[in-house]
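A.B. asks:
In this note's numbering, the protein residues as written are 1103 to 1799.
1) Among residues of its own chain, excluding the 5 on either side of residue 1623, which ones have a beta-carbon nearer than 7 Å to its beta-carbon?
2) For my contact list, residue 1621 and residue 1632 are in at a C-beta cut-off of 8 Å; report their separation, rounded to the angstrom.
3) Tell me which residues share the same chain as residue 1333 and place their Cβ nearer than 6 Å to its Cβ, disregarding the 5 neighbours each side in the sequence.
4) Determine, using beta carbons only, whether residue 1469 and residue 1521 come nearer to each other than 8 Å.
5) What residue ranges within the stretch 1439 to 1492 form continuous beta strand (DSSP E) runs of no fewer than 3 residues, ordered along the chain?
6) Identify whether residue 1378 lies in helix, strand or coil by the three-state DSSP scheme.
7) Report the rounded CA-to-CA distance for residue 1226 versus residue 1366, giving the unit in angstroms.
8) Should residue 1813 and residue 1661 be called a contact, given that it needs their Cβ atoms to be closer than 8 Å?
9) Can you tell me where the beta strand (DSSP E) holding residue 1546 begins and where it ends?
10) Along the chain, where does the alpha helix (DSSP H) containing residue 1638 start, and where does it finish?
11) Give the straight-line distance between the Cα atoms of residue 1665 and residue 1567, rounded to the nearest whole angstrom.
12) Per DSSP, residue 1270 forms a beta bridge with which residues?
13) What number of angstroms, rounded off, separates the C-alpha of residue 1211 from the C-alpha of residue 1217?
14) Is the distance from the Cβ of residue 1677 to the Cβ of residue 1599 below 8 Å?
15) Relative to the C-alpha of residue 1409, which residue among 1424, 1401, 1403, 1419 is closest?
16) Taking the straight line between their C-alpha atoms, what separation do you get for residue 1475 and residue 1454?
17) Rounded to the nearest angstrom, what separates residue 1472 and residue 1554 at their Cα positions?
18) Name the DSSP beta bridge partners of residue 1731, please?
19) Assign residue 1295 to buried or exposed, taking buried as 16 or more other Cβ atoms, counted over all protein chains shown, within 10 Å of its Cβ.
20) Just confirm the distance between the C-beta atoms of residue 1404 and residue 1451, as a whole number of angstroms; I'd bet it's less than 8 Å.
21) With H, G and I counted as helix, E and B as strand and the rest as coil, what does DSSP make of residue 1754?
22) Skipping 5 residues on each side, what residues in its chain have a beta carbon closer than 6 Å to that of residue 1173?
23) Specify, as a first and last residue, the run of the beta strand (DSSP E) that residue 1500 falls within.
24) Would you please state the rounded distance, in angstroms, between the beta carbons of residue 1675 and residue 1603? I believe it to be under 8 Å.
25) Relative to the C-alpha of residue 1344, which candidate in 1336, 1327, 1335 has its C-alpha closest?
26) Please state whether DSSP places residue 1312 in a helix, a strand or coil.
27) Give the secondary structure of residue 1305 by DSSP, where H, G and I count as helix, E and B as strand, and everything else as coil.
28) Can you give the Cα-Cα distance for residue 1590 and residue 1347, rounded to whole angstroms?
29) Output the boundary residues of the beta strand (DSSP E) element that contains residue 1610.
30) Report all residues from its chain with a CB closer than 6 Å to the CB of residue 1530; omit the five preceding and five following residues, and keep chain order.
31) Are residue 1376 and residue 1207 close, meaning C-beta to C-beta below 8 Å?
32) Could you confirm whether any beta carbon from chain D is found closer than 8 Å to the beta carbon of residue 1684?
33) Can you tell me where the beta strand (DSSP E) holding residue 1659 begins and where it ends?
34) Give the DSSP-derived three-state secondary structure of residue 1505 in the structure shown.
35) Is the separation between the beta-carbon of residue 1311 and that of residue 1262 shorter than 8 Å?
36) Using only alpha-carbon positions, find the residue among 1374, 1709, 1267, 1359 that is nearest to residue 1297.
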């Protein structure tokens, strides 16, 4: 009996032989229980391993096992329900189905309307993810996404669903909902034939709901309206259905009402996907053409490419050719995303998958490129994607100058994963070498900075966000500048134009006044106001992008108590009264602190900057003037008083002329010192002023 005991249990059992019988009997009972428990656990593990073996393809499972009754695993005797059937089908998701039974779809919605929760439930119901592995926001695999509760990157997952006895392959792409990540949405829509439009049954149609619907319609997708969160006490599905029909123009007679959190209506959604979304075209006989819709850099395997096969087939070991970059590689690994990477031998037209080909250069496999066979090239490449246009610019500088090469490598790898990011080298006299980076919006800028710091262990300084201004010179040349340092001199420029955006704000009628006041304070030009329903209105303004890249969104949410939403589009450049505001310290211009501001805001910005610098710059042995200037005109000024030695301390009496002589001598020394002295602005002062610029601009 002692053979199965641990050394400590055996020692206790031997020592207790001489003790009372009750204690010995108690120890043996404890041992028997642990032995029985271990035997039960062993049996449970064998059952689960047999189930996982049965789900593998025949070529991977062992076929020569002993078939005697004693060697067969014991199967669970549970009643077969629909969910069990779906879960079993999920385990077989690598098995091939005809092209007519493939459905490619994505989920689009405004931020926080329940896209990720619905995607989680679809994965769970179809058995793609086991219940014990399930967690909230399963497809959001970045810590940053979980902390903020938003989706940043599109994610793909392959599911298998049995409908009327026939297995179907469903390829899901979950998309972000924030306006700054609309480029991710447009890329996912190009890889699909249909879309689930998720609308919160309590909040109704929001600004990004409309923007995403228009993107889907441009791509000729079949749209299935889904009303989510119907279990909430404040849900009004009938009102929201009417809103969708009036505002969006979709027929909602067959809209699906569901609650992703409670699991209500999920089966109806899966049935609708199969019945209403068309299958991809069967073009497997044509030369291979596959569209890259996403990629990322793996330090061990190189660039991993996510693609949708449009025409032809691709197999493991094929020699492939990237049509835009002109590079060729061998496909070492081909597979599907389910949602983890699972290898397969071949992918056909209509399927979504990934490939690894030991691609070391991030420039060789760009998003939007077309993959074809090297030996049988396609006649023409796929249209790809429209180039993303950066709207907001800022400078990124490493705190430690030695980290500049690491920052360059990190930006190249991140650009592979985020095609909307643009960057070019920049030099600053205050902060050294860095990069001028372009982003789609403020949140995009914030996310990129945080990803660089977390994923690549970099310490960064960011300058105040700015936009690209267009300057027309006297000689007729046009210069685009996102940095005040490259702005032409006042005598050489004829006019300055700035980018304008058309902004649409959807708000309850109670907050129309505060939002109109906000837009007018930001130099907005009123265009239109219309009531969508009796209690909700749409406000349309045109305003400068520079006024919006600050805290406009925060103010919008604050003044509407979180109920309003916004969506904006670029409309073009317009002439404005813009000036370059220089900061001079002791008569020397400090280039990194220069900004481009509107004439109406110049005094307020100049006053705030000079006051802040007075607090931050250490006192010198001479008086230091701090001035905000427009050209040669000083509009705001502060002065830093000199550190003075008390030269009169030894004069305890005597004539006043003696004191005047000492003070005059000190003043001459200070004057001489000021003429040759130089003020060093500390790094902390630059960082503090940059933060201030973000607040006041």
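Quick reminder that beta carbons are idealized off the backbone N, C-alpha and C, glycines included.
On a predicted model such as this, the values are computed, not experimentally measured, just so you know.
C.D. replies: According to the data block:
1) In its own chain, leaving out the 5 sequence neighbours on each side, no residue places its CB closer than 7 Å to the CB of residue 1623.
2) At roughly 15 Å, the Cβ-Cβ gap does not stay under 8 Å, so residue 1621 and residue 1632 are not in contact.
3) Leaving aside the five residues that flank residue 1333 on each side, the residues in its chain whose CB is nearer than 6 Å to its CB run, in chain order, 1361, 1364.
4) Yes.
5) Counting only runs of 3 or more, we get 1443 to 1445, 1454 to 1458, 1472 to 1475.
6) Residue 1378: helix per DSSP, three-state reduction.
7) The alpha-carbon atoms of residue 1226 and residue 1366 are separated by roughly 13 Å.
8) With the chain running from 1103 to 1799 in the structure shown, residue 1813 is simply not present.
9) Residue 1546 -> not in any beta strand (DSSP E); alpha helix (DSSP H) instead, spanning 1544 to 1557.
10) Here residue 1638 belongs to no alpha helix (DSSP H); instead the beta strand (DSSP E) covers 1638 to 1646.
11) Straight through space, the alpha carbons of residue 1567 and residue 1665 are spaced by roughly 26 Å.
12) In the DSSP output, where bridge partners are listed per residue, residue 1270 has 1263.
13) When rounded, the distance between both Cα atoms is 7 Å.
14) Contact: yes.
15) Among 1424, 1401, 1403, 1419, the Cα nearest to that of residue 1409 is on 1424.
16) The alpha-carbon atoms of residue 1475 and residue 1454 are separated by roughly 17 Å.
17) Their Cα atoms are separated by approximately 29 Å.
18) Listed as beta-bridge partners of residue 1731 by DSSP are 1684, 1736.
19) By the Cβ neighbour-count rule, residue 1295 is buried, with 16 or more other Cβ atoms within 10 Å of its own.
20) Actually they do not touch by this definition, with Cβ atoms about 26 Å apart.
21) It is coil, neither helix nor strand.
22) Only weak support is given to the placement of residue 1173: the predicted model assigns it a pLDDT of 33, under 50, and the question is left unresolved by the model.
23) Note, residue 1500: beta strand (DSSP E), 1494 to 1500.
24) 11 Å between Cβ atoms; not a contact.
25) The option with the nearest alpha carbon to residue 1344 is 1327.
26) Residue 1312: helix per DSSP, three-state reduction.
27) Note: residue 1305 maps to coil in three-state DSSP.
28) Each residue's alpha carbon lies about 52 Å from the other.
29) Residues 1595 to 1610.
30) Contacts found: 1694.
31) No; because the gap between Cβ atoms is not below 8 Å, this pair is not in contact.
32) Absence of chain D from the displayed structure is noted, only one protein chain being present.
33) In the DSSP assignment, residue 1659 falls outside any beta strand (DSSP E) and lies within the alpha helix (DSSP H) extending over 1654 to 1661.
34) In the three-state reduction of the DSSP assignment, residue 1505 falls in the helix class.
35) Residue 1262 sits away from residue 1311, with the two beta carbons spaced by 8 Å or more.
36) Residue 1374 is the option with its Cα nearest to residue 1297.
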